[in-house]
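Q: Protein chains in written order, with my numbering: chain A, 1 to 186; chain B, 187 to 391.
1) Ordered along the chain, which non-local residues of its own chain (more than five positions away) have a Cβ less than 8 Å from that of residue 154/A?
2) At least one CB of chain B closer than 8 Å to the CB of residue 174/A: is that the case?
3) Under a CB-based cut-off of 8 Å, is residue 185/A close to chain B?
4) Suppose the cutoff is 8 Å on Cβ atoms and the five residues either side in sequence are ignored; what does the same chain contact list for residue 135/A look like?
5) Suppose contacts are defined by Cβ-Cβ distances below 8 Å. Is residue 237/B in contact with residue 205/B by that definition?
6) What does the Cβ neighbour count give for residue 35/A, buried or exposed, with the cut at 16 atoms within 10 Å?
7) Excluding the 5 residues preceding and the 5 following residue 331/B in the sequence, name in chain order all residues of the same chain whose CB lies nearer than 7 Å to its CB.
8) Taking the runs of the beta strand (DSSP E) that are 3 residues or longer, which of them lie wholly in the segment 9 to 96 of chain A?
9) Assign residue 416/B to one of three DSSP states: helix, strand, or coil.
10) Below 8 Å on the Cβ atoms is my contact criterion, and I expect residue 344/B with residue 208/B to pass it. Report the Cβ-Cβ distance as a whole number of Å.
11) May I have the straight-line CA-CA distance separating residue 45/A from residue 14/A, to the nearest angstrom?
12) Is the beta carbon of residue 300/B closer than 8 Å to that of residue 269/B?
13) Do residue 283/B and residue 257/B count as a contact pair if the criterion is CB distance below 8 Å?
14) Going by DSSP, what residues sit across from residue 254/B in a beta bridge?
15) Using the beta-carbon of each residue, which ones in chain A are nearer than 8 Å to residue 334/B?
16) Specify, as a first and last residue, the run of the alpha helix (DSSP H) that residue 210/B falls within.
17) Any beta carbon of chain B sitting closer than 8 Å to that of residue 21/A?
18) Residue 151/A touches chain E at which residues, Cβ-Cβ below 8 Å?
19) Which residue wins for smallest C-alpha separation from residue 106/A, given the options 30/A, 84/A, 97/A and 64/A?
20) By the 10 Å Cβ neighbour count, where 16 or more other Cβ atoms means buried, how is residue 279/B classified, buried or exposed?
21) Could you tell me which whole beta strand (DSSP E) segments of length 3 or greater appear in the segment 96 to 157 of chain A?
22) Using a beta-carbon distance below 8 Å, is residue 301/B in contact with chain A?
23) Taking C-beta to C-beta, are residue 250/B and residue 228/B nearer than 8 Å?
24) Taking the alpha carbon of residue 168/B as the reference point, which residue from 346/B, 334/B, 245/B and 253/B has its own alpha carbon closest?
25) Our contact map puts residue 125/A next to residue 64/A with C-beta atoms below 8 Å; I'd like the distance itself, whole angstroms only.
26) In the DSSP assignment, what residue or residues form a beta bridge with residue 300/B?
27) Do residue 376/B and residue 171/A count as a contact pair if the criterion is CB distance below 8 Å?
28) Quick one: residues in its chain with C-beta nearer than 8 Å to the C-beta of residue 76/A, no 5 flanking neighbours on either side, listed in chain order?
Rendered as structure tokens:
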């Protein structure tokens, strides 16, 4: 993890569940708190909805892109470049796609994110990368984990059975870290 | 169920703090008290008195509306002392499905509201002579959140996001994949999902 997250005790993790739209004001409020907070924006779910507001927030921001380079590369690439225009922003990329992200500069950090297996989850990857100083995690748009709702904020009726596999993985992680204060916003 | 007819003061409340009985509840005890103290119009929904039995002294100092919920009250000798202690708190009400004549042996019933179950909880025999409405009390409390309330904080509902179900009272953790405990989750996740369509819900675990 980068130095900029070193003083943070709180993380805001943003997934892509259907409740994300409703909660954007609460995310911005959480990130404006006096508690030093780091943003972990999965797939740029937040940045692509409120880039101009994020430009005004000085806190450290990390983009975790699910399987960067395996989807529509042009779209993903543009999202990463846009995210990296934010103050104190870093792209946390899967080392397996290093060749596709290597030229993005020194604000790209590579990690082995293959540990979550076939049901790759950006949220899970973010949780595994959090610095040990983080003792409070606010999760937005993680509806599959809480209420088993696999609709996404992008496609209202989208339903993907693999989401339940991801949810199992994340729930297990939560139960293995009982000292952290987990706060899910629905 | 719409409790605002039976408990008119509930109409004045602006938010609900709902406490269930998962192990994470102990982590948040001070925070819950602080939230209630900071907002006199926040109402406590205390499921099976898991929270109030741990914070009785502090709750005595708070005038917030407090409503106890249980599917089990009156079904067996459970919660007898806890419900009576709860009803001795200022501005305390109780909602259960037990008949008034049974509840009247536990505490005065002028602030007791009898409501049949909104969700079909599964009744199980826990041990000789002890029955439980498993999974019911939490969903029972969900279903009592009035329409005008937009902000709900839920504490101690660990089973929603945890692979196992454990109680703050201790005991072995139970894989929540079969039988009654699977039912518990199958009742509570849809209830929470329904609420989240209309309200701002925060689940603290």
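Where a beta carbon is used, it is the ideal one built from N, C-alpha and C, also for glycine.
A: Checking against the coordinates, here is how it stands:
1) Walking along the first chain from the start, residue 154/A turns up at place 154. Contacts found: 16.
2) Locating residue 174/A in the first chain gives position 174, counting from the first residue. Taking Cβ atoms only, chain B reaches closer than 8 Å to residue 174/A, which makes this a yes.
3) In the first chain, residue 185/A corresponds to position 185, counting from 1. At least one chain B Cβ lies under 8 Å of residue 185/A.
4) Taking the first residue of the first chain as 1, we reach residue 135/A at position 135. Answer for residue 135/A: 9, 10, 179, 180 and 181, listed in chain order.
5) On the second chain, position 51 is the one that residue 237/B refers to. On the second chain, position 19 is the one that residue 205/B refers to. In this structure, residue 205/B lies closer than 8 Å to residue 237/B by Cβ.
6) Position 35 of the first chain, counted from the first residue, corresponds to residue 35/A. It is exposed - the Cβ of residue 35/A has fewer than 16 other Cβ atoms within 10 Å.
7) In the second chain, counting from the first residue as 1, residue 331/B sits at position 145. Once the five neighbours on either side are set aside, the close Cβ partners of residue 331/B are 202, 338 and 381.
8) 10 to 14, 37 to 42, 61 to 64 and 89 to 94
9) With chain B covering only 187 through 391, there is no way to say anything about residue 416/B.
10) Counting from one through the second chain, the residue named residue 344/B turns up at place 158. Counting from one through the second chain, the residue named residue 208/B turns up at place 22. The Cβ separation is near 3 Å, so the contact holds.
11) Residue 45/A sits at position 45 when you count from the first residue of the first chain. Residue 14/A sits at position 14 when you count from the first residue of the first chain. Each residue's alpha carbon lies about 7 Å from the other.
12) Counted from its first residue, the second chain places residue 269/B at position 83. Counted from its first residue, the second chain places residue 300/B at position 114. Against a cut-off of 8 Å, the Cβ pair of residue 300/B and residue 269/B comes out as no contact.
13) Residue mapping note: residue 257/B aligns to position 71 of the second chain, counting from 1. Residue mapping note: residue 283/B aligns to position 97 of the second chain, counting from 1. Cβ distance < 8 Å, so residue 257/B and residue 283/B count as in contact.
14) To locate residue 254/B, count along the second chain from 1; it is residue 68. Bridge partners of residue 254/B: 232/B and 280/B.
15) Residue mapping note: residue 334/B aligns to position 148 of the second chain, counting from 1. The premise fails here: residue 334/B is roughly 18 Å from chain A at the closest Cβ pair, so nothing lies under 8 Å.
16) Your numbering for residue 210/B matches position 24 in the second chain. Premise fails: residue 210/B is in no alpha helix (DSSP H) and is neither H nor E.
17) Here residue 21/A refers to the residue found at position 21 of the first chain. No, its Cβ sits nowhere closer than 8 Å to a Cβ of chain B.
18) Absent from the structure is chain E; the protein chains it does hold are A and B.
19) The residue you call residue 106/A lines up with position 106 of the first chain. Ranking 30/A, 84/A, 97/A and 64/A by Cα distance to residue 106/A puts 84/A first.
20) Translated into the one-based positions of the second chain, residue 279/B becomes position 93. So residue 279/B ends up on the buried side.
21) 108 to 111 and 136 to 140
22) Position 115 of the second chain, counting from 1, holds the residue named residue 301/B. Not closer than 8 Å to any Cβ of chain A, the Cβ of residue 301/B fails to qualify, so no.
23) Looking up residue 250/B in the second chain gives position 64. Looking up residue 228/B in the second chain gives position 42. Cβ distance < 8 Å, so residue 250/B and residue 228/B count as in contact.
24) As shown, chain B starts at 187 and ends at 391. That puts residue 168/B outside it, with no answer to give.
25) To locate residue 125/A, count along the first chain from 1; it is residue 125. To locate residue 64/A, count along the first chain from 1; it is residue 64. Going by Cβ atoms, the distance from residue 125/A to residue 64/A rounds to 5 Å, so yes, they are a contact pair.
26) If you number the second chain from 1, residue 300/B lands on position 114. Paired residue(s): 282/B.
27) Taking the first residue of the first chain as 1, we reach residue 171/A at position 171. Taking the first residue of the second chain as 1, we reach residue 376/B at position 190. Going by C-beta atoms, residue 171/A is not nearer than 8 Å to residue 376/B.
28) If you number the first chain from 1, residue 76/A lands on position 76. 65, 68 and 69, listed in sequence order.
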